[in-house]
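Participant:
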Amino acid sequence: MPYELFVRTRADGPKDTVSFDFVNTGSASAVFLLYRHASADAPRTYTGEARKRLADRIPVNADGSFDFVVHGPNGFLRRIAGKAGVPHGGWSREQAAPEVAEGYDVANGNLQLRLENRGTASCTFTMTNAHDASKSIARHGAVAMRHRSISTCAMRTARTTPK
Numbered sequence: 014m015p016y017e018l019f020v021r022t023r024a025d026g027p028k029d030t031v032s033f034d035f036v037n038t039g040s041a042s043a044v045f046l047l048y049r050h051a052s053a054d055a056p057r058t059y060t061g062e063a064r065k066r067l068a069d070r071i072p073v074n075a076d077g078s079f080d081f082v083v084h085g086p087n088g089f090l091r092r093i094a095g096k097a098g099v100p101h102g103g104w105s106r107e108q109a110a111p112e113v114a115e116g117y118d119v120a121n122g123n124l125q126l127r128l129e130n131r132g133t134a135s136c137t138f139t140m141t142n143a144h145d146a147s148k149s150i151a152r153h154g155a156v157a158m159r160h161r162s163i164s165t166c167a168m169r170t171a172r173t174t175p176k
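Numbering (my numbering), first residue to last: 14 to 176.
1. Helix or strand or just coil, what does DSSP make of Pro111?
2. For Arg91, count neighbouring Cβ atoms within 10 angstroms of its own Cβ and tell me buried if that reaches 16, exposed if not.
3. For a quick check, are the C-beta atoms of Asn87 and Glu62 less than 8 Å apart?
4. To which residues does DSSP link Glu17 through a beta bridge?
5. Count the other C-beta atoms from every protein chain shown that fall within 10 angstroms of the C-beta of Met14, then say buried if there are 16 or more, exposed otherwise.
6. State the Cα-Cα distance for the pair Lys96 and Glu17, rounded to the nearest angstrom.
7. Is Thr22 buried or exposed, if buried means 16 or more other CB atoms sit within 10 Å of its CB?
8. Could you pull out every unbroken beta strand (DSSP E) segment of at least 3 residues lying fully inside the stretch 20 to 87, listed in chain order?
9. Within the continuous beta strand (DSSP E) that includes Gly95, where are the two ends?
10. Hey, Glu112 and Arg131: beta-carbon distance below 8 Å or not?
11. Can you say whether Ala24 is buried or exposed, counting buried as having 16 or more other CB atoms within 10 angstroms of its CB?
12. Would you mind giving the Cβ-Cβ distance between Val31 and Phe79, rounded to the nearest angstrom? I have them listed as a contact below 8 Å.
13. When you compare only the Cα positions, how much space is there between Leu46 and Val73?
14. Kindly indicate which residue of Arg64, Gly77, Ala51 has the alpha-carbon position closest to the one of Ala177.
15. Cutting at 7 Å between CB atoms, please list the residues of its own chain near Thr60, excluding the five before and the five after it.
16. Report the rounded CA-to-CA distance for Ser40 versus Glu107, giving the unit in angstroms.
Next comes the structure, spelled out in structure tokens:
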């Protein structure tokens with residue numbers, strides 16, 4: 014396939030936005046469609062040239078929540094949901110700031126997850142295997158990397174639990 018597509022996201026509490034990086038490391042251009050989940054709004058459209066990156070920031074809902082769906086060619090689908098760190102009407106530096114970056118190893122077909130807590134409070138990442146309900150827990154710390162074979166494992170969305 015001429016596409017190698019990635020979407021990186023980060024909730025930015027002080028700015029009340031979610032940052033999106035759309036990456037296409039493949040040899041052909043691709044179109045990303047960004048929807049607010051369960052919304053009648055038209056999608057935002059991004060055309061990612063081959064070997065290029067696009068960036069955008071989208072405002073979160075008034076309560077700090079967000080739920081976005083990104084579609085791309087050949088069944089590319091990512092759902093990004095959560096809550097930006099806006100406790101009690103204001104940003105606090107003393108909180109967890111979990112980030113999950115997904116990718117895949119093109120040569121071997123493995124799913125790669127990079128789990129990082131950029132905040133000062135701890136959090137726990139829990140991943141559940143959708144086939145057998147086994148769990149893999151990455152406790153708070155700098156960065157945890159997990160690699161899974163796509164052919165033998167389907168992951169549900171990583172869930173974070175602030176401590």
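In this text, a Cβ means the ideal position worked out from N, Cα and C, and glycines have one as well.
As the structure is a prediction and not an experimental result, all values here were calculated from the model.
Facilitator: So, from the listed chains and residues:
1. Annotated three-state conformation of Pro111 is strand, per DSSP.
2. buried
3. no
4. Under DSSP, Glu17 shares a beta bridge with no residue.
5. exposed
6. 28 Å
7. buried
8. 30 to 37, 43 to 49, 57 to 61, 65 to 72, 78 to 84
9. 90 to 96
10. yes
11. buried
12. 5 Å
13. 17 Å
14. Given a span of 14 to 176 for the chain in the structure shown, any question on residue 177 remains unanswerable.
15. Ser42, Val44
16. Looking at the two C-alpha atoms, the distance is approximately 43 Å.
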